[in-house]
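Residue numbers (the UniProt record's numbering), protein chains in the order written: chain A, 1 to 355; chain B, 1 to 355.
There are 2 protein chains.
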Amino acid sequence: MARSNNMQDDAATPSDSPSQRLAVAGPPTIRDVARLANVSIGTASKALNAGGRLSKETRENVLRVAREIGYRPNDLAQSLHRAKSRTIGIISNDSFGRFTFPIVEALEERLAEEGIAVFMCNATDDPARERQHLDQLLGKRIDGLVVTARRADKRPPIGPLAHGLPVVYVFSQADDPGALSLLPDDEGGAVLAVAHLAARGRKHIAHVTGPEHFEAVRLRKTGYRAALAEAGLPEIDGFYLSGVWSEAWGREAVAKLFSRRERPDAIFCGNDQIARGALDALREKGVSVPGDVAIVGFDNWDVMTLAARPPLTSIDMNLKALGREAGDSLLDMIAGGANSGVKRRPCSLVVRESS
Amino acid sequence: MARSNNMQDDAATPSDSPSQRLAVAGPPTIRDVARLANVSIGTASKALNAGGRLSKETRENVLRVAREIGYRPNDLAQSLHRAKSRTIGIISNDSFGRFTFPIVEALEERLAEEGIAVFMCNATDDPARERQHLDQLLGKRIDGLVVTARRADKRPPIGPLAHGLPVVYVFSQADDPGALSLLPDDEGGAVLAVAHLAARGRKHIAHVTGPEHFEAVRLRKTGYRAALAEAGLPEIDGFYLSGVWSEAWGREAVAKLFSRRERPDAIFCGNDQIARGALDALREKGVSVPGDVAIVGFDNWDVMTLAARPPLTSIDMNLKALGREAGDSLLDMIAGGANSGVKRRPCSLVVRESS
């Protein structure tokens, strides 16, 4: 007991005090806290914001150092004091389906790091239901809102009740130039796919895709044409086929393409289901993939790409990165930052055996 | 103006007053409100609880009638006054994947009807992360908690911090006899599948399924054997094959089954991906489905069942109904009701062309 008291006394002597060891001018910063607590800035931030996964010891050590050197948060942590409820809402119109759940998962993870919790609401494309959810969320004094959807097409902006509330649209696009919309770069994704096929020496590249009322279909078509032009390859009559997002359409499209005199040596498909249907149809015709025809899909959905024979090359929309960026943007806006415009983020090419 | 005032006066005369038209003994009930407002009890409940999708007129009419007859809520609406924050949490360990999202969607919809919002947290099987989420949720004074998971296997119950908090496990099973766990009836689902095949005249029914460390695999095997016995059919050596949850395993299992002298005339598959692999392998062998071999899957996942050739008969776990019941149970527990035990809810057979 005496020894323990002595140790505490020792710790309080000037020679050991963190404030003495603090050799910086001006008020202490989170960098000083991190250095003196012997942790990273990220860990210090988590401890100060009561977020993240930290041991009790680490958290208490950081808080003790911060107290001792008189640290007062002056960065994101302080700005986030504007976040009164430390909650945000997500309104989804995708029934939390295949495209939104990686986005929502990454967003929730990013916000949990800052100790901010996420309310989920599913409006399933019903404006009355969306309005009701919005009313409930506003009644709970959310600090911000994320709107996501199944289709990356334009939608009416969230109504006047949300005026002044930070809103981020992700995989969703508000018909409002003042809004921030984060989207995958569909055109760039298509360029990646077609440039890859051209680099593999393919000369007759077809594009089989979904319905043209999807903006993504129109943008990917633009990318397909641009990449053909860039590679000095022709656009061949009948090689662009728009249909539906299904395996059956992929099979049907192959039948159409192979009923022609001029046949493709590669098919860039608008999604992985179409690509899988195309692969099956080609195999059943005895056409070798990738020997005779190379195939690239879109979405990089493992259920399709890994079960396909051969495993499918595909374009990944990096939805988790998009969700994480939506979290970063919303935090910045809650802290007073301004963000607007349509921002398109790059896709990646994932090469497997089909090309 | 005079006329309008007169009408209001008229409405206030005793002969027109709802309280005069109320011919019941005792305090007015929600049934009286509903009858006098000329709406269903459900609509009256929604209006009184500020939930659900109602027109402004309907809601105001119900509230006016309730005021006029002196209605005081004495049922769920009142009991839910115990719900102080009108929020609940969901902790998922499925990354909000294919199985949990219909559950979560239906749960959110049910609770939104009562004006209760849902916090979502994704713990991805990391106990430290789950604990952190739980701390955050408790800090927000949630009224209840739903725990869901990818596997319907037993898990440790939520820790002592949640003591006294209503908790429902759905598609997840707590290793605690006092906990309420809602699960699909895997054994009953298997019985449906095998009884259907037997009713179609199949005599040599194989079962190709996933890994035995899944409780669902063991339960479905029990159901398979029980249904064979019930139909007076033999269990044939080598006709039960446990592997992984993939199309590739479905194809491999067909190769195994057809390398034997005694061949199956039906295969009950443990999920739709295995079933799809089996279908593809049979088609490529020139074996007719359902002519020579009938196939039934499990999960009724449209991505698989509808793209399969032919479209796949499958067992539906009715996950939306499970999510809705989780909502009902949690509301009941928040209102003071007691619920415990493992409750298994029936699956459905969805017949398509493969059987």
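For glycine and all other residues, C-beta sits at the position ideal for the given N, C-alpha and C.
All figures in this text were calculated on a predicted structure; none of them were measured in a lab.
Item	Value
Should residue 317(A) be flagged as near chain B, meaning a C-beta pair shorter than 9 angstroms?	no
Helix, strand or coil: how does DSSP classify residue 354(B) here?	coil
For residue 187(A), collect the residues of the same chain with a Cβ closer than 6 angstroms to its Cβ; drop the 5 residues on either side in sequence, then sort them by chain order.	219, 222 and 223
Taking Cβ positions, are residue 101(B) and residue 97(A) nearer each other than 9 angstroms?	yes
Cα separation between residue 38(B) and residue 158(B)?	45 angstroms
What separation, rounded to the nearest whole angstrom, lies between the Cα atoms of residue 260(B) and residue 292(B)?	16 angstroms
Is it a yes or a no for the region 103 to 121 of chain B touching the region 321 to 331 of chain B, going by three-plus beta-carbon pairs under 8 angstroms?	yes
Count Cβ pairs between the region 55 to 68 of chain A and the region 121 to 135 of chain A that sit closer than 8 angstroms; are there 3 or more?	no
Roughly how many angstroms lie between the CA atoms of residue 344(A) and residue 148(A), to the nearest whole one?	15 angstroms
Between the region 128 to 139 of chain B and chain A, which residues of the former have CB atoms less than 8 angstroms from a CB of the latter, in chain order?	128, 129, 132, 133, 136 and 137
So what does residue 207(B) bridge to, in DSSP terms?	240(B) and 268(B)
Check whether the Cβ of residue 120(B) lies closer than 9 angstroms to any Cβ atom in chain A.	yes
Is the distance from the Cβ of residue 198(B) to the Cβ of residue 165(B) below 9 angstroms?	no
Consult DSSP for residue 184(A) and reduce its assignment to one of helix, strand or coil.	strand
With DSSP run on the structure shown, which of helix, strand or coil describes residue 327(B)?	helix
Could you please give me the residues that DSSP links to residue 122(B) through a beta bridge?	92(B)
Can you list the residues of chain A that residue 307(B) reaches, using a CB-CB cut of under 9 angstroms?	246, 247, 248, 273, 276 and 277
Taking 8 angstroms as the cut-off, does the region 245 to 262 of chain A touch the region 275 to 282 of chain A (at least 3 CB pairs, one atom from each stretch)?	yes
9 angstroms is my cut-off, CB to CB: does residue 112(B) come that close to chain A?	yes
At least one CB of chain A closer than 9 angstroms to the CB of residue 117(B): is that the case?	yes
So, under 8 angstroms CB-CB, residue 313(A) and residue 289(A) are touching, yes? Tell me the CB distance rounded to an integer number of Å.	That pair is no contact at about 10 angstroms.
Could you run through the region 183 to 198 of chain B and flag, in chain order, every residue whose CB is less than 8 angstroms away from some CB of chain A?	none
Tell me which same chain residues have a C-beta within less than 8 angstroms of the C-beta of residue 40(A), skipping the five on either side of it?	34
Within the chosen definition, does the region 332 to 344 of chain B reach the region 301 to 310 of chain B through at least 3 CB pairs nearer than 8 angstroms?	no
Near residue 123(A), which residues of its chain fall below 8 angstroms by C-beta distance, leaving aside the five closest residues on each side in sequence?	91, 92, 93, 129, 130 and 133
Taking DSSP as the reference, what is the three-state secondary structure of residue 23(B)?	Residue placement at residue 23(B) cannot be trusted, given a pLDDT of 45 that sits under 50; what the coordinates show is reported in the next sentence. In this structure, residue 23(B) counts as coil in the three-state DSSP scheme.
Are there 16 or more other CB atoms within 10 angstroms of the CB of residue 179(B), so buried, or fewer, so exposed?	buried
By a C-beta neighbour count over all protein chains shown, 10 Å radius and 16 as the cutoff for buried, is residue 141(A) buried or exposed?	exposed
Let's see if you can read the secondary structure: which residues bound the alpha helix (DSSP H) around residue 101(B)?	100 to 113
In whole angstroms, give me the CA-to-CA distance for residue 332(B) and residue 205(B).	43 angstroms
Given a cut-off of 9 angstroms, decide if residue 233(B) and residue 257(B) are closer than it, judged by their beta-carbon atoms.	no
Between which two residues does the beta strand (DSSP E) carrying residue 135(B) extend?	Note, residue 135(B): premise wrong, no beta strand (DSSP E); alpha helix (DSSP H) at 127 to 139.
Quick one: residues in its chain with C-beta nearer than 6 angstroms to the C-beta of residue 299(A), no 5 flanking neighbours on either side, listed in chain order?	271 and 272
Give me the residue from 110(A), 286(A) and 263(A) with the minimum Cα distance to residue 202(A).	263(A)
Cα-Cα, which of 284(B), 348(B), 43(B) and 57(B) is closest to residue 189(B)?	348(B)
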